[in-house]
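Asks: Numbering (my numbering), first residue to last: 163 to 888.
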Amino acid sequence: MKFFDNKSISTKLKLVILSTTLLSVVFVFAGFFIYERITFRKITVNDLETKGSIIGENVNAALAFRDSSDAARVLSSLRSQPRIISAAIYDNSGKLFATYVRPNQSAVFPDRPESESVYYQDDDLILFKAISVNEQRIGTIYIRTDLLNETERFWSYLQIALLVLIGSLAIAYTVATVLERNISKPITNLASTVQDVSQRQDYSIRTSRTTNDETGFLADAFNQMLAQIQERDSILQQSEERYRNLFDYNPLPMWVFDAATLAFLEVNEAAVNHYGYSREEFLRMTIKDIRPQEEVPRLLNDIQQHHQGHDDAGIWKHRKKDGTIIDVEITSHELVFAGTEAKLVLANDVTERKRAEEGLKNAEKRYRTTLDNLQEGCQIISFDYRYLYLNDVAAKQGRYPKEKLLGKTMMEIYPGIDASPFFNQLRRCLEEHRSHHMENEFAYPDGSVGWFDLNIEPIPEGAFILSIDITKEKQQEKELKTYREQLEELVEQRTQQLEIVNKELEAFSYSVSHDLRAPLRHIDGFAELLRKNAAESLDEKGRRYVSVISESAKQMGTLIDELLVFSRMGRTEMRSSKISTRNLVRETISQLEKETENRIIEWKIGTLPDVEADSSMLRLVFQNLISNAIKYTGTRERAVIEIDSINKDNETVILVRDNGVGFDMMYKDKLFGVFQRLHSAAEFEGTGIGLANVRRIVQRHGGIVWAESEINKGATFYFSIPQKKG
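1) Could you check which residue in 467, 455, 498 has the C-alpha nearest to that of residue 478?
2) Give me the residue from 694, 796, 653 with the minimum Cα distance to residue 762.
3) Fully enclosed by the stretch 519-594, which alpha helix (DSSP H) runs are 4 residues long or longer?
4) What's the call for residue 659, buried or exposed, on a 16-neighbour Cβ count within 10 Å?
5) Terminal residues of the continuous beta strand (DSSP E) containing residue 861?
6) Assuming residue 224 and residue 232 make a contact with CB atoms under 8 Å, what is their CB distance in whole Å?
7) Taking the straight line between their C-alpha atoms, what separation do you get for residue 181 and residue 250?
8) Excluding the 5 residues flanking residue 827 on each side, which residues of the same chain have their C-beta closer than 8 Å to its C-beta?
9) What's the gap between the Cα of residue 268 and the Cα of residue 304?
10) So what does DSSP say about residue 600, is it helix, strand or coil?
11) Where does residue 312 sit, in a helix, a strand or coil, going by DSSP?
12) Starting from residue 614 and walking both ways along the beta strand (DSSP E), at which residues does that stretch end?
13) Smallest Cα separation from residue 388: which of 359, 215, 485?
14) Cβ atoms of residue 217 and residue 237: under 8 Å apart, would you say?
15) Nearest to residue 230 by CA position, among 261, 447, 801, is which residue?
16) Tell me whether residue 876 sits in a helix, a strand or coil according to DSSP, three-state version.
17) Given a cut-off of 8 Å on the beta-carbon distance, is the pair residue 415 and residue 437 in contact?
18) Please list the terminal residues of the continuous beta strand (DSSP E) segment that includes residue 819.
19) Any contact of the stretch 537-546 with the stretch 506-523, i.e. 3+ C-beta pairs under 8 Å?
20) Going by the beta-carbon positions, is the gap between residue 391 and residue 426 smaller than 8 Å?
21) So does the stretch 799-817 actually touch the stretch 763-780, counting three or more Cβ pairs closer than 8 Å?
22) Rounded to whole angstroms, what's the CA-CA distance from residue 467 to residue 458? Just pull it up for me.
23) Buried or exposed: residue 866, going by 16 or more other Cβ atoms within 10 Å of its Cβ?
24) Who does residue 428 pair with in a DSSP beta bridge?
25) Count the other CB atoms within 10 Å of the CB of residue 439; is the residue buried (16 or more) or exposed (fewer)?
26) If I follow the unbroken beta strand (DSSP E) through residue 481, where does it start and stop?
27) So, with DSSP's three-state summary, where would you put residue 189?
28) In the stretch 293-337, which residue ranges form an unbroken beta strand (DSSP E) of at least 3 residues, counting only runs that do not cross its ends?
29) Count the other CB atoms, across all protein chains shown, that sit within 10 Å of the CB of residue 270; report buried if there are 16 or more and exposed otherwise.
30) Might you give, ordered along the chain, the residues of its own chain that have their beta carbon closer than 7 Å to the beta carbon of residue 383, omitting 5 neighbours on each side?
31) Measure the alpha-carbon distance for residue 609 versus residue 601 and round it to whole angstroms.
32) Assuming residue 781 and residue 754 are in contact, meaning their beta carbons sit under 8 Å apart, how far apart are those beta carbons, in whole angstroms?
33) Measuring alpha carbon to alpha carbon, tell me which residue in 507, 492, 362 is nearest residue 499.
34) Which word fits residue 822, buried or exposed, when buried means at least 16 other C-beta atoms lie within 10 angstroms of its C-beta?
35) For the candidate residues 789, 785, 244, whose alpha-carbon lies nearest to that of residue 859?
36) Between which two residues does the beta strand (DSSP E) harbouring residue 484 extend?
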């Protein structure tokens with residue numbers, strides 16, 4: 163070159179050394195930067211794919227059961243990765259299922275997932291990866307991460323390269339200045355060192371400095387460059403160590419096996435713990451040794467197919483050291499391990515999941531069988547109003563065979579149904595997940611009408627409808643309404659007739675009261691005159707006859723009075739009010755003091771509540787019952803009369819108990835009838851109307867009256883008064 167012809171050797175050496183140094187440093191750093199960039203991007207892509215695989219394994223159950231909250235929880239674990247901008251899960255229909263966005267960031271997600279790929283876009287790295295179960299794709303994971311780490315590393319390397327370049331040029335210039343004094347030996351040593359580093363890839367080798375000229379400085383600069391490269395290499399080793407830790411401390415069993423010999427090359431702690439083999443035992447085995455014998459041909463056939471890259475191998479049977487057979491889901495990836503072509507395997511034990519799935523299938527089968535045999539109609543309607551399931555009863559109610567209904571929409575089968583009240587409730591159930599119960603009148607296409615009792619319930623598939631045909635009940639209800647209207651008309655007629663009879667009864671009562679009392683007064687009066695005026699002419703028997711006539715007339719008058727009271731009791735208007743039964747009992751006992759003179763009576767008055775009743779009528783009830791108790795304990799030296807109450811849910815029961823003569827329970831039905839007496843008038847006086855009055859009064863209050871007794875062991879009379887609500 164003419165340029166060098168006129169230059170001195172010193173200048174030439176300087177130029178050569180400077181140009182050589184410049185080119186060497188530039189090319190070394192360029193090569194290192196390119197290698198580092200490619201390596202870093204490959205590591206970044208592998209790391210992103212690994213994260214995608216791990217997340218996919220953790221969300222497949224959430225996708226299978228459509229639990230978006232669980233999927234979002236798994237995605238939220240990406241907060242520990244500050245470089246990840248956003249992530250999302252798409253379901254098998256391509257709809258967005260769950261998302262994650264880095265805090266204080268916004269993100270726009272693709273409308274639909276792309277095919278499985280990794281690519282760069284707008285200075286970001288984007289991953290689309292399929293999520294599969296049993297080799298069936300159930301969704302897609304999307305991850306977007308920035309490349310700030312790569313940019314920072316680039317600028318760091320550039321700064322170092324510039325510093326090294328400046329330093330190298332300065333040193334080269336100095337070396338070139340003194341090169342003529344000692345040039346060959348330092349250059350030879352430097353060349354030898356470069357060769358050793360290149361061949362052995364050992365960046366810890368250093369060149370020796372034999373002179374203080376430019377070559378010596380160049381040796382120092384080269385050693386500094388090696389130190390920086392060694393430092394970079396150490397960083398790479400640390401990065402590999404982090405990935406090694408990810409392997410060792412992964413909670414799922416992982417191993418690396420030789421692709422040619424199938425021998426285990428490395429296993430993590432989770433595999434040792436889960437399978438029961440020690441690490442040394444694993445390293446003496448092949449992957450065939452952890453398979454049941456019947457699975458080995460399938461394994462060998464799968465290996466011969468030579469799956470490249472990431473491989474979701476599906477579900478396999480594995481055998482633990484103790485002989486237990488487990489189901490595992492295998493994911494593998496090709497790699498070079500210690501210079502050997504190998505595969506990295508991740509094994510997820512899905513034994514319990516498979517059992518659960520089998521149990522779910524059995525439960526669904528039982529559920530379907532139960533629905534098929536129900537007497538009610540059962541339908542499952544999808545969110546687009548298609549028939550997904552019907553039992554025979556529902557098909558019969560719909561008047562179409564199941565084969566014609568399944569897969570069709572309700573609007574296709576029954577045009578115009580979408581305008582019905584039933585369809586509005588079904589729409590609310592599907593859109594708002596609300597249950598609803600209703601009675602629905604359904605018009606069939608042929609013009610006939612049916613009535614159905616419907617329960618509409620939301621379910622994951624859409625809506626479940628339980629239908630009961632109540633057409634007959636509705637017809638009977640209509641007929642009953644007609645009968646009720648006829649009955650009301652008949653009751654009105656009978657009421658009018660009853661009013662006429664009551665008026666006639668009042669006239670009869672007045673006639674009895676007036677026409678019978680006058681003769682009785684005459685009989686009693688003339689008997690009294692006969693006793694006064696003819697007493698001396700009558701013997702003892704005649705006077706007794708006159709006395710009997712007088713007493714019978716008086717008794718007849720009393721009987722007429724009580725009959726009139728009994729007849730008026732059914733017509734008297736009731737005036738209910740709140741009454742203290744305790745005060746009413748004490749007043750009644752006080753009024754009967756004349757009957758208890760010279761008697762020893764022990765009164766036991768318990769807790770008596772307030773009731774809603776007619777005061778005068780209830781007073782008459784207590785008068786009759788307490789009077790009877792006094793009367794029928796007359797033969798007792800010491801009478802015991804107890805008055806108490808029993809509280810029930812909707813009524814108050816009051817009892818009057820005595821220790822009197824009692825009665826035979828076989829005649830209990832006669833107790834409350836008019837003129838029905840269980841004891842003769844000679845034994846105990848009375849007309850036999852009092853208890854009839856008691857029953858009529860209690861019945862008018864809506865209660866009942868009854869009695870319990872044994873002969874010579876006393877009697878207990880009960881009556882109930884309904885409790886007023888509110």
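Beta carbons: idealized from backbone N, C-alpha and C, even for Gly.
Remember, predicted model here, so these are calculated numbers, not experimental data.
Replies: Taking the structure as given:
1) Out of 467, 455, 498, 455 has the C-alpha closest to the C-alpha of residue 478.
2) The shortest C-alpha separation from residue 762 is found at 796.
3) Positions of the alpha helix (DSSP H) runs, each at least 4 residues long and wholly inside the stretch 519-594, are given as 554-560, 564-567, 572-575, 583-594 in order along the chain.
4) Exposed: under 16 other Cβ atoms inside 10 Å.
5) Annotation for residue 861: no beta strand (DSSP E) segment contains it, though the alpha helix (DSSP H) segment containing it runs 852-862.
6) About 4 Å; that satisfies the 8 Å criterion.
7) Near 53 Å, if we compare the C-alpha coordinates of residue 250 and residue 181.
8) Cβ-Cβ distances below 8 Å link residue 827 to 870, 871, 872 in the same chain, with the five nearest sequence neighbours on each side left out; the list follows chain order.
9) One C-alpha to the other measures close to 15 Å.
10) Strand.
11) Judged by DSSP in its simplified three-state form, residue 312 adopts helix.
12) In the DSSP annotation of this structure, the continuous segment of the beta strand (DSSP E) that includes residue 614 starts and ends at 611-621.
13) For the residues 359, 215, 485, the minimum Cα distance to residue 388 belongs to 359.
14) Between residue 237 and residue 217, the C-beta gap is smaller than 8 Å, which places the two residues in contact.
15) The option with the nearest alpha carbon to residue 230 is 261.
16) Of the three classes helix, strand and coil, the one that applies to residue 876 here is coil, per DSSP.
17) Going by C-beta atoms, residue 415 is nearer than 8 Å to residue 437.
18) Residue 819 -> beta strand (DSSP E) spans 813-820.
19) At 8 Å Cβ cutoff, the stretches do not touch.
20) Not in contact: residue 391 and residue 426 (Cβ atoms no closer than 8 Å).
21) These segments touch.
22) Each residue's Cα considered, the two are about 15 Å apart.
23) When all chains shown are included, residue 866 counts as exposed.
24) Paired residues: 418.
25) Here residue 439 is buried, its C-beta having at least 16 other C-beta atoms within 10 Å.
26) Residues 472-481.
27) For residue 189, the three-state secondary structure derived from DSSP is helix.
28) Within the stretch 293-337, the complete beta strand (DSSP E) runs of at least 3 residues are 298-308.
29) Under this definition residue 270 is an exposed residue.
30) Only 329, 330, 333 meet the Cβ criterion.
31) If you take the alpha carbons of residue 609 and residue 601, they lie about 19 Å apart.
32) A Cβ-Cβ distance of about 12 Å is found for the pair residue 781 and residue 754, leaving them out of contact under the 8 Å criterion.
33) For residue 499, the nearest C-alpha among the options comes from 507.
34) Residue environment analysis places residue 822 among the buried positions, since at least 16 neighbouring C-beta atoms fall within 10 angstroms of its C-beta.
35) Of 789, 785, 244, the residue nearest in Cα terms is 785.
36) Going by DSSP, residue 484 is part of no beta strand (DSSP E) at all; its letter is neither H nor E.
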